[in-house]
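Letter 131 of the sequence shown, counting from 1, is numbered 159 in the working numbering, and no numbers are missing.
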Amino acid sequence: MTQIPSPALLEPHAPVPHPIRLVKDGVPGSAPRTTASLPGRRILVVDGDGDVADSLVTQLRRHGHESVGVRRGSAALQAYEEMDLVLLDLELPDLDGLEVCRAIRSVSRVPVIIVTARQSELDCVLGLQAGADDYVTKPYGLRELMARIEAVMRRAQWQPAAVQEIRRGPLHIDVNSREVTVEGVEVALTRKEFDLLCLLASHPDTVVPRKQLLQQVWGDSWSRRTVDTHVSSLRGKLGDSGWIVTVRGVGFKLGNA
């Protein structure tokens, strides 16, 4: 059966040479972005399987989003800046998806959801450590994916309103710039990791229940394993497990490393 290429899928004219160099060009052939006229969010679908990408782009458009698909990591690195969110497969023909995720996260805070067939816990941890805001395994339900997209976008816009800076010994959290330093050294966190840390730091010496964490950081659509995975990743990035204390059967609180 002959496959008809979809106009939504774009291929780069040439692969980006290593090391990765991010550029600020928009998607080749796309119209300039006019946010006010968009029916939904601009979502970049990065998937090496053209049929899968075609289908997802179509489904997202039916839900009111302006979606664009690319098959290569190099094309994703040219297109992500014009997007509100990136759905990123790890199996790409030119670059590993984790490499693409790290490259995007090193210069941008655009939300990234990894959508992949890699189902092991290690792969999930590596994806989150690479900077992904969420990790979804194939096969998945469209309703679940849409809910996760909305949850990620809500978290991307959330931050405590009253507090501007939070200090806890050598730990400094700048709420406005969403920057975290320990002993003056900047710590690169994902959106979820920052929101989790900020929520705990906003309630010093108080145990924050898991249910509250789920509601305020994860939109109440996540599992116990998700919370534990992100807490573990956050502890590693802060350089000391003592920064986040587990209170069994209740939740977590900010500690003193």
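For every residue, glycine included, the Cβ atom is placed at its ideal position computed from N, Cα and C.
Small disclaimer: the values here were computed from a predicted structure and weren't measured.
Original post:
In its own chain, which residues sit with a C-beta less than 7 Å from the C-beta of SER269, not counting the 5 before and 5 after it?
Top reply: ARG263
Subject >> DSSP-derived helix/strand/coil call for ASP122 >> reply: coil
Subject >> Integer-rounded CB distance, given that LYS265 should sit under 8 Å from LEU217 >> reply: 6 Å
**OP:** For TYR108, name the three-state secondary structure that DSSP assigns.
**Re:** helix
Subject >> Run of the beta strand (DSSP E) containing ARG70, from where it starts to where it stops >> reply: 70-74
**OP:** Whole angstroms is fine: what's the gap from GLU172's alpha carbon to LEU84's?
**Re:** 13 Å
Subject >> Cα-Cα separation, LEU118 to VAL96 >> reply: 17 Å
Original post:
Where are the alpha helix (DSSP H) runs, 4 residues long or more, that stay fully inside the segment 159-214, in chain order?
Top reply: 170-185
Original post:
Can a CB atom of chain B be found closer than 8 Å to the CB of ARG70?
Top reply: No chain B is present in this structure, which holds just one protein chain.
Original post:
Excluding five sequence neighbours on each side, which residues of the same chain lie with their C-beta closer than 6 Å to the C-beta of THR165?
Top reply: GLN147
**OP:** Work out the CA separation of VAL74 and TRP271 for me, nearest whole Å.
**Re:** 36 Å
**OP:** Enumerate in chain order the residues of its own chain whose CB-to-CB distance from THR254 is below 6 Å, with the five nearest sequence positions on each side excluded.
**Re:** none
Original post:
Looking at C-alpha atoms only, which residue of GLY277, ASP202, GLY68 and PRO167 is the closest neighbour of PHE222?
Top reply: ASP202
Original post:
For ARG69 versus MET174, is the C-beta distance shorter than 8 Å?
Top reply: no
Original post:
In the DSSP assignment, what residue or residues form a beta bridge with VAL236?
Top reply: PHE280
**OP:** Answer with buried or exposed for PRO139, where buried requires no fewer than 16 other C-beta atoms within 10 angstroms of its C-beta.
**Re:** buried
Original post:
Which of the three DSSP states, helix, strand or coil, is assigned to LEU217?
Top reply: coil
Subject >> VAL180 Cβ short of 7 Å to the ligand FMN heavy atom set >> reply: In the structure shown, the ligand FMN is absent, as is every other ligand, since no ligand is present at all.
Subject >> Exposed unless 16 or more other CB atoms sit within 10 angstroms - verdict on LYS239 >> reply: exposed
Original post:
Starting from SER83 and walking both ways along the alpha helix (DSSP H), at which residues does that stretch end?
Top reply: 78-90
Subject >> Bridge partner(s) assigned by DSSP for VAL96 >> reply: LEU72
**OP:** Could you tell me the distance, in whole angstroms, from the CA atom of ASP161 to the CA atom of ARG89?
**Re:** 22 Å
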